[in-house]
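Novice: Per the working numbering: the sequence shown = residues 11 to 187.
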Amino acid sequence: MDQETERALRALLDKEAIRDCFLRYMRGIDRLDAELIRSAFHEGAIDNHTSEIRGSIDDLLAWWLPQQPGREATQHFVTNQTIDLDGDVAHVESYFFVFIKQKAHNEGALVGGRYADRFERRNGAWKIALRVVLPEWQADVDASNTGAVSRAGAAAGSRDRSDPTYQRPLRDPPRAG
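#1: Taking just the CA atoms, how far does T89 sit from V102?
#2: Could you tell me which whole beta strand (DSSP E) segments of length 3 or greater appear in the stretch 100-154?
#3: Name the DSSP beta bridge partners of G65, please?
#4: Using DSSP with H/G/I as helix, E/B as strand and the rest coil, what is R81?
#5: Does the structure place the stretch 30-49 close enough to the stretch 127-138 that three or more beta carbon pairs sit under 8 Å?
#6: On a CA-only basis, which of R132, V143 and Q77 is nearest D57? Give me that one, please.
#7: Roughly how many angstroms lie between the CA atoms of T60 and R171, to the nearest whole one?
#8: Over what stretch of residues does the alpha helix (DSSP H) that includes Y176 continue unbroken?
#9: Taking 6 Å as the limit between beta carbons, can you name the residues of its chain near A83, skipping five residues before and five after?
#10: Use the C-beta contact count for N118: other C-beta atoms within 10 angstroms, 16 or more gives buried, fewer gives exposed.
#11: Considering just the uninterrupted stretch of the alpha helix (DSSP H) at A27, what are its terminal residues?
#12: Would D173 and R41 qualify as a contact pair, given that the criterion is a beta-carbon distance under 8 Å?
#13: Quick check on the burial criterion: 16 or more other C-beta atoms within 10 angstroms. Buried or exposed for M36?
#14: Answer with buried or exposed for L180, where buried requires no fewer than 16 other C-beta atoms within 10 angstroms of its C-beta.
#15: Pull the bridge partners of D94 from the DSSP assignment, please.
#16: R81 to H115, Cα distance in whole Å?
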């Protein structure tokens, strides 16, 4: 393999490792999996998440997790993403939107914005060293009809490690009643 092809392959592998790390974070947030969330950040990483929280990953979790008992569901989606590699550092911009459904009052919110991340490769692993969340918009929505997707006979998901996606190998899950 020539050097140009080797560099291109290395860049593809690095970008895929960064995307995988990013998706681990998103899954961890929606499944309330603190271990999975932590796995996306280097020791000492800073998360500048909102005007309410700027600090360590432990600070982020101490802010995020207590809010969740009042929420029936969250779903985070990443859309456009740019990854600029510079040696063992990558500058990553990721557009996101999230749906948040509260348990009471049929309230929901759609939030859109961007994550500006500095990923670093340390000991061969790409993880987030600094995150700045850039919220761009929020829309309150009527979430009264969102339960309709949980029809009798449909597979039942959960916001923890009992979710069917954690099973290896995947098995046919119990059905919602």
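C-beta: ideal position from N, C-alpha, C; glycine also. No experiment lies behind these values; they were computed from the predicted model shown.
Specialist: To lay it out plainly:
#1: Going from the Cα of V102 to the Cα of T89 covers about 13 Å.
#2: Counting only runs of 3 or more, we get 117-132 and 135-152.
#3: Assignment of beta-bridge partners to G65 by DSSP yields D57.
#4: Note: R81 maps to strand in three-state DSSP.
#5: Yes, the stretch 127-138 is in contact with the stretch 30-49.
#6: When only C-alpha atoms are compared, the closest one is V143.
#7: Between T60 and R171, the alpha-carbon positions lie close to 27 Å from each other.
#8: DSSP places Y176 in no alpha helix (DSSP H); its state is neither H nor E.
#9: Taking C-beta separations shorter than 6 Å and ignoring five residues to either side along the sequence, the partners of A83 in its chain run K111, following chain order.
#10: The question names Asn, yet the displayed sequence has Gly at residue 118. A buried status is given to G118, since no fewer than 16 other beta-carbon atoms sit within 10 Å of its beta-carbon.
#11: Unbroken alpha helix (DSSP H) run through A27: Q13 to R41.
#12: Inclusion of D173 and R41 in the CB contact set at 8 Å is warranted, their separation being smaller than that value.
#13: Buried is the call here.
#14: Exposed, because fewer than 16 other Cβ atoms sit within 10 Å of the Cβ of L180.
#15: Among the bridge pairs identified by DSSP, D94 is matched with H101.
#16: So the alpha carbons of these two residues sit roughly 11 Å apart.
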